[in-house]
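Protein chains: 2
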Amino acid sequence: MTRPAARPARILLADDHTLVRRGVRLILDSEPDLTVVAEAADGAEAVAQARSLDIDLAVLDISMPRRTGLQAARELARIRPGLRILMLTMYDNEQYFFEALRAGASGYVLKSVADRDLVEACRAALRDEPFIYPGAETTLVRTYLDRARSGGPLPDRPITEREEEILKLVAEGHSSKEIGDLLVISPKTVERHRANLLQKLGLRDRLELTRYAIRVGLIEP
Amino acid sequence: MTRPAARPARILLADDHTLVRRGVRLILDSEPDLTVVAEAADGAEAVAQARSLDIDLAVLDISMPRRTGLQAARELARIRPGLRILMLTMYDNEQYFFEALRAGASGYVLKSVADRDLVEACRAALRDEPFIYPGAETTLVRTYLDRARSGGPLPDRPITEREEEILKLVAEGHSSKEIGDLLVISPKTVERHRANLLQKLGLRDRLELTRYAIRVGLIEP
DNA sequence: CGAAATATGGGTGTCGGCACGGATGGACAG
DNA sequence: CTGTCCATCCGTGCCGACACCCATATTTCG
Numbered sequence: 001m002t003r004p005a006a007r008p009a010r011i012l013l014a015d016d017h018t019l020v021r022r023g024v025r026l027i028l029d030s031e032p033d034l035t036v037v038a039e040a041a042d043g044a045e046a047v048a049q050a051r052s053l054d055i056d057l058a059v060l061d062i063s064m065p066r067r068t069g070l071q072a073a074r075e076l077a078r079i080r081p082g083l084r085i086l087m088l089t090m091y092d093n094e095q096y097f098f099e100a101l102r103a104g105a106s107g108y109v110l111k112s113v114a115d116r117d118l119v120e121a122c123r124a125a126l127r128d129e130p131f132i133y134p135g136a137e138t139t140l141v142r143t144y145l146d147r148a149r150s151g152g153p154l155p156d157r158p159i160t161e162r163e164e165e166i167l168k169l170v171a172e173g174h175s176s177k178e179i180g181d182l183l184v185i186s187p188k189t190v191e192r193h194r195a196n197l198l199q200k201l202g203l204r205d206r207l208e209l210t211r212y213a214i215r216v217g218l219i220e221p
Numbered sequence: 222m223t224r225p226a227a228r229p230a231r232i233l234l235a236d237d238h239t240l241v242r243r244g245v246r247l248i249l250d251s252e253p254d255l256t257v258v259a260e261a262a263d264g265a266e267a268v269a270q271a272r273s274l275d276i277d278l279a280v281l282d283i284s285m286p287r288r289t290g291l292q293a294a295r296e297l298a299r300i301r302p303g304l305r306i307l308m309l310t311m312y313d314n315e316q317y318f319f320e321a322l323r324a325g326a327s328g329y330v331l332k333s334v335a336d337r338d339l340v341e342a343c344r345a346a347l348r349d350e351p352f353i354y355p356g357a358e359t360t361l362v363r364t365y366l367d368r369a370r371s372g373g374p375l376p377d378r379p380i381t382e383r384e385e386e387i388l389k390l391v392a393e394g395h396s397s398k399e400i401g402d403l404l405v406i407s408p409k410t411v412e413r414h415r416a417n418l419l420q421k422l423g424l425r426d427r428l429e430l431t432r433y434a435i436r437v438g439l440i441e442p
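Chains as they are written, first to last, in the numbering used here: chain A, 1 to 221; chain B, 222 to 442.
Put into structure tokens, the structure is as follows:
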């Protein structure tokens, strides 16, 4: 089906698990039109590789040390606009999915998919076609498409400095009163900020707030 | 070095990520003395496979649906005493390490190791030699050896399977009622387990429980 | 077998999280 | 200058988390 490329697509592969890299490389390299030319064990290394090498596609794991796949994707989209990005992750999770798209990824593939699907996802990304991973919740896709169609910007309103300050403290487990004392404001104000955060981020409670803060690197587990 | 086996070792491979299974299979099958004869996508399936097939070694991922690798390992050690078990995991974590050993595993290998190390770990497990994964924190090994030498019980009172189940769900943000409905037990029992967890782990609330679960790799942010 | 651990269930009470209202002052842009 | 956004603050009410007490059935193990 695929026309034999005069030059196979050059791929950068980033995953902190050597075994996974090895496996994925074996799978991709066995395709005539794909070749893995570089590997990285974390996000920072991936960005460095992409700076110095001529690559067409970056396959990024989300959870990596130093810089996450999402952070790396944002960076790569910034410094190498033409580069295709495919997120490869174990998280069948709506939040990650949207964040990946916003970070500039053109595809989102679960590690639980078959190797054929990975290959197809790579080819789709190289053609700049969006690839919805098999097994994607239909609601996931529908929600995204709906939002995109209605013109609603995804990151509606970014969180303010003050809110980020509150977010950090809430995620660290402090109560409204503790935070109020710390920042010398009323605990009710803290609750108001917290409520705004929940609304802006589309989260339910401070527990999800905590996981969010950890995910984006605001605090340590 | 290794004597060419008249019959290659028969391996059961269990990991919920198809891609990982595929990669590991490629690595192991390329060795003449190793052959993957079965795959499983979760712990229960792994146990079922081991019942009906003649295998020498089970390579188990720790985090799998339905039954974790640890639970599967206990089950396998019970029903197939001669079987060798190698835990393959992304968690460089003391708690899991000890639990794996207690569950009957003869080896513990991180997904971040190179493919050669995986092969060597399989061979070591087949010879029934303990294999400490490369890159293991020396403190981890030392702590274990110290405790074993001094006859002291390993972790004072390890959390039980049920508690770990509760821990996961609590850390994922489910309420007592939700968890109760899910496990078909009273919400009060869930609260009891949660209270025991807080006490055993020396934590204050479910938020710290969440961070703990993330830290030890039980759940994802 | 008896002791200990585990899993199960309940009651009562306090406290904080969170949703839902509302308001005010100040900063900055159109 | 007027409107929007931000930060600040307040009241009410519900519900879940958590601490403390209690009990019992089953399993495990010395």
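Where a beta carbon is used, it is the ideal one built from N, C-alpha and C, also for glycine.
Being a predicted model, the structure only gives us computed values, none of them experimental.
Can you find the residues in the same chain that come closer than 7 angstroms, C-beta to C-beta, to residue 152 (chain A), ignoring five residues on each side of it along the sequence? For this step, residue 152 (chain A) is matched to residue 152 along the first sequence. Low local confidence applies: a pLDDT of 41 at residue 152 (chain A) is under 50, so the model's placement there is unreliable, with the coordinate-based value given in what follows. Cβ within range, chain order: n/a, list empty.
Pull up the distance between the alpha-carbon of residue 445 (chain B) and that of residue 329 (chain B), whole angstroms please. Any property of residue 445 (chain B) remains undetermined from this structure, which presents chain B solely from 222 to 442.
With residue 283 (chain B) as the anchor, note down where its alpha helix (DSSP H) starts and where it stops. As a working mapping, residue 283 (chain B) is identified with position 62 in the second sequence. Per DSSP, residue 283 (chain B) belongs to no alpha helix (DSSP H) and is neither H nor E.
Quick one, which of A:87, A:180, A:165, A:97 has its alpha-carbon nearest residue 118 (chain A)'s? Translated into positions along the first sequence, residue 118 (chain A) becomes position 118. It is A:87.
From residue 380 (chain B) to residue 9 (chain A), what does the alpha carbon distance come to, in whole angstroms? Along the second sequence, read from residue 1 onward, the residue named residue 380 (chain B) stands at position 159. Along the first sequence, read from residue 1 onward, the residue named residue 9 (chain A) stands at position 9. Rounded to the nearest angstrom, the two C-alpha atoms are 49 angstroms apart.
Which same chain residues end up closer than 8 angstroms to residue 27 (chain A) when comparing Cβ atoms and leaving out the 5 residues on each side of it in sequence? Counting from one through the first sequence, the residue named residue 27 (chain A) turns up at place 27. 115, 118, 119.
So, helix, strand or coil for residue 230 (chain B), using DSSP? The sequence position of residue 230 (chain B) within the second sequence is 9, counting from 1. Strand, per DSSP.
Identify the continuous beta strand (DSSP E) that holds residue 35 (chain A) and give its terminal residues. Counting from 1 along the first sequence, the entry for residue 35 (chain A) is found at position 35. First-last of the beta strand (DSSP E) with residue 35 (chain A): 34 to 40.
Applying the criterion that 16 or more other CB atoms from any shown protein chain within 10 Å of the CB defines a buried residue, is residue 269 (chain B) buried or exposed? Residue 269 (chain B) sits at position 48 when you count from the first residue of the second sequence. It is exposed - the Cβ of residue 269 (chain B) has fewer than 16 other Cβ atoms within 10 Å.
Using 8 angstroms for Cβ pairs, my map puts residue 271 (chain B) next to residue 233 (chain B). What's the rounded Cβ distance? Here residue 271 (chain B) corresponds to residue number 50 of the second sequence, with the count starting at 1. Here residue 233 (chain B) corresponds to residue number 12 of the second sequence, with the count starting at 1. Residue 271 (chain B) to residue 233 (chain B), Cβ: 6 angstroms. Contact.
Extent of the continuous alpha helix (DSSP H) to which residue 85 (chain A) belongs: Indexing the first sequence from 1 puts residue 85 (chain A) at position 85. Membership of residue 85 (chain A) in any alpha helix (DSSP H) is not indicated; the residue belongs instead to the beta strand (DSSP E) covering 84 to 89.
Where residue 278 (chain A) falls: helix, strand or coil (DSSP): Only positions 1 to 221 of chain A appear in the structure, and residue 278 (chain A) is not among them; the question remains open.
Would you check if there are 3 or more beta carbon pairs closer than 8 angstroms linking the segment 194 to 210 of chain A to the segment 381 to 390 of chain B? Taking 8 angstroms as the limit for Cβ pairs, the verdict is that the segment 381 to 390 of chain B does not touch the segment 194 to 210 of chain A.
Got a sec, what are the start and stop residues for the alpha helix (DSSP H) residue 23 (chain A) sits in? Mapped onto the first sequence, residue 23 (chain A) falls at position 23. Its alpha helix (DSSP H) spans residues 18 to 29.
Can you tell me which of B:327, B:349, B:432, B:333 puts its alpha carbon nearest to the alpha carbon of residue 310 (chain B)? Sequence index remark: in the second sequence, residue 310 (chain B) carries index 89 (1-based). The candidate whose alpha carbon is nearest that of residue 310 (chain B) is B:333.
With 8 angstroms as the threshold, decide whether the Cβ of residue 193 (chain A) is near any Cβ in chain B. Taking the first residue of the first sequence as 1, we reach residue 193 (chain A) at position 193. Chain B contact via Cβ: absent.
Mind checking residue 447 (chain B): buried by the 16 CB within 10 Å criterion, or exposed? Limits of chain B in this structure are 222 at one end and 442 at the other, which puts residue 447 (chain B) out of reach.
Starting from residue 203 (chain A) and walking both ways along the beta strand (DSSP E), at which residues does that stretch end? As a first step, residue 203 (chain A) is located in the first sequence; it is residue number 203 there, counting from the start. Element bounds for residue 203 (chain A): n/a, residue is neither H nor E.
From B:290, B:267, B:246, residue whose alpha carbon lies closest to that of residue 257 (chain B): Working through the second sequence from its first residue, we reach residue 257 (chain B) at position 36. For the residues B:290, B:267, B:246, the minimum Cα distance to residue 257 (chain B) belongs to B:246.
What's the C-alpha gap between residue 399 (chain B) and residue 205 (chain A)? Within the second sequence, the letter at position 178 stands for residue 399 (chain B). Within the first sequence, the letter at position 205 stands for residue 205 (chain A). Rounded to whole angstroms, residue 399 (chain B) to residue 205 (chain A) spans 15 angstroms at the Cα level.
Selection from A:19, A:97, A:34 that minimises the alpha carbon distance to residue 55 (chain A): One-based indexing of the first sequence puts residue 55 (chain A) at position 55. Comparing Cα-Cα distances from residue 55 (chain A) to each of A:19, A:97, A:34, the minimum goes to A:34.
Mind pulling the chain B residues with CB within less than 9 angstroms of residue 208 (chain A)? As a first step, residue 208 (chain A) must be located in the first sequence, where it is residue number 208. For residue 208 (chain A), the chain B residues whose Cβ falls inside 9 angstroms of its Cβ are 394, in order along the chain.
Nearest-angstrom Cα separation, counted from residue 97 (chain A) out to residue 129 (chain A): Numbered from 1 along the first sequence, position 129 holds the residue referred to as residue 129 (chain A). Numbered from 1 along the first sequence, position 97 holds the residue referred to as residue 97 (chain A). Between residue 129 (chain A) and residue 97 (chain A), the C-alpha separation is close to 16 angstroms.
Straight-line Cα distance separating residue 331 (chain B) from residue 63 (chain A): As a first step, residue 63 (chain A) must be located in the first sequence, where it is residue number 63. As a first step, residue 331 (chain B) must be located in the second sequence, where it is residue number 110. C-alpha separation (whole angstroms): 15 angstroms.
Can you check which of these residues, A:59, A:53, A:32, is closest to residue 15 (chain A) by C-alpha distance? Start at 1 with the first residue of the first sequence, and residue 15 (chain A) comes out as number 15. Residue A:59 is the option with its Cα nearest to residue 15 (chain A).
Residue nearest to residue 53 (chain A) in terms of C-alpha spacing, selected from A:70, A:61, A:207, A:76: By 1-based counting over the first sequence, the position of residue 53 (chain A) is 53. For residue 53 (chain A), the nearest C-alpha among the options comes from A:76.
At least one CB of chain B closer than 8 angstroms to the CB of residue 27 (chain A): is that the case? Taking the first residue of the first sequence as 1, we reach residue 27 (chain A) at position 27. Cβ-Cβ to chain B under 8 angstroms: yes for residue 27 (chain A).
Would you say residue 137 (chain A) reaches chain B, if we count a Cβ-Cβ gap shorter than 8 angstroms as a contact? Here residue 137 (chain A) corresponds to residue number 137 of the first sequence, with the count starting at 1. Residue placement at residue 137 (chain A) cannot be trusted, given a pLDDT of 45 that sits under 50; the coordinates are not used to answer.
Under the DSSP definition of a beta bridge, which residues are partnered with residue 330 (chain B)? Counted from its first residue, the second sequence places residue 330 (chain B) at position 109. For residue 330 (chain B), which the question treats as bridged, DSSP gives the partners B:309.
Presumed contact (8 angstroms Cβ cut-off) between residue 264 (chain B) and residue 244 (chain B), rounded CB distance: Residue numbering aside, residue 264 (chain B) sits at position 43 when the second sequence is read from its first letter. Residue numbering aside, residue 244 (chain B) sits at position 23 when the second sequence is read from its first letter. Not really, about 20 angstroms apart at Cβ, beyond 8 angstroms.
If the cut is a Cβ gap below 7 angstroms, which residues of chain B does residue 111 (chain A) touch? Within the first sequence, numbered from 1, the residue matching residue 111 (chain A) stands at position 111. Going along chain B in sequence order, the residues near residue 111 (chain A) (Cβ under 7 angstroms) are 238, 240, 241.
Hey, residue 278 (chain B) and residue 347 (chain B): beta-carbon distance below 8 angstroms or not? Along the second sequence, read from residue 1 onward, the residue named residue 278 (chain B) stands at position 57. Along the second sequence, read from residue 1 onward, the residue named residue 347 (chain B) stands at position 126. Yes, the Cβ-Cβ distance between residue 278 (chain B) and residue 347 (chain B) is below 8 angstroms.
With a CB to CB cut of under 8 angstroms and the five nearest residues on each side skipped, what residues in its chain are close to residue 209 (chain A)? As a first step, residue 209 (chain A) is located in the first sequence; it is residue number 209 there, counting from the start. These residues qualify, in order along the chain: 167, 170, 171, 194, 197, 198, 201, 203.
Near residue 282 (chain B), which residues of its chain fall below 7 angstroms by C-beta distance, leaving aside the five closest residues on each side in sequence? Within the second sequence, the letter at position 61 stands for residue 282 (chain B). Excluding sequence neighbours, residue 282 (chain B) sits near 235, 236, 237, 290, 309, 310.
In three-state DSSP terms, what is residue 235 (chain B)? Reading the second sequence from its first residue, position 14 is the one you call residue 235 (chain B). Correct three-state label for residue 235 (chain B): strand.
Who are the Cβ neighbours of residue 408 (chain B) in its own chain at under 6 angstroms, not counting the five residues just before and after it? Along the second sequence, one-based indexing puts residue 408 (chain B) at 187. Contacts found: 397, 398, 401.
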